[in-house]
Amino acid sequence: MGLHKVPGSKSYLADDSGLKDLGTSSAVAAASLAAAQRLAGNAQAVGRGTYEAAPATVTAGWANNRRAGAVVRESRADWRDTRDAILLRVAESMKARGK
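All residue numbers for the sequence shown refer to our numbering, where the first residue is -13 and numbers rise by one.
The structure is reproduced here in structure tokens:
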């Protein structure tokens, strides 16, 4: 990843191949999964459903390149989690409206 000089000019352009390598690296995959696992653990601690994290491939960038990522999903839903999430969104929107 870096810059390369445009021939015959004083300009430089980004080297996108480095970004692609970064996005497909095992380190980014591990970091994404760790963040997803922490989020699932927090949801599990406060919710009544069952939450899990799993590695996933995502598309990103101008060319929709496939990159490493992760997903958090509710494997066993509980209606109270849905109700509570709606109430939290309403409370947050009311806080923002009061500013």
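Here a beta-carbon is modelled for each residue, glycine too, at the ideal position from N, C-alpha and C.
- Expressed to the nearest angstrom, what Euclidean distance is found between the alpha-carbon atoms of A12 and W48? The amino acid occupying residue 12 in the given sequence is Ser; Ala does not appear at that position. Annotation: S12 to W48 spans about 22 Å, alpha carbon to alpha carbon.
- Task: Could you name the residues of the same chain whose beta carbon sits closer than 8 Å to that of D18, not counting the 5 residues immediately before and after it, in chain order?
- Result: The sequence given here places Ser at residue 18; Asp does not occur at that position. Listed in chain order, the non-local C-beta contacts of S18 below 8 Å within the same chain comprise P41, A54, G55, A56, local neighbours out to five positions each way being set aside.
- Message: Checking 7 Å against the spacing of the C-beta atoms, do A26 and Y37 come in under that value?
- Response: Yes; because the gap between Cβ atoms is below 7 Å, this pair is in contact.
- Task: Go through its chain and collect everything with a Cβ distance to R66's Cβ below 7 Å, but skip five positions before and after it.
- Result: Non-local beta-carbon contacts of R66 in its own chain, meaning distances under 7 Å to residues more than five positions away in sequence, involve R34 in chain order.
- Query: By the 10 Å Cβ neighbour count, where 16 or more other Cβ atoms means buried, how is V32 classified, buried or exposed?
  - Reply: So V32 counts as exposed.
- Query: Where do the ends of the alpha helix (DSSP H) carrying S61 lie?
  - Reply: Counting along the chain, S61 falls outside any alpha helix (DSSP H), though it belongs to the beta strand (DSSP E) covering 51 to 62.
- In chain order, what residues of the same chain lie with their CB nearer than 6 Å to the CB of R24, ignoring the 5 residues before and after it? Excluding sequence neighbours, R24 sits near nothing in its chain.
- Could you give the distance in angstroms between the alpha-carbon of D64 and the alpha-carbon of A39? Roughly 17 Å between the two C-alpha positions.
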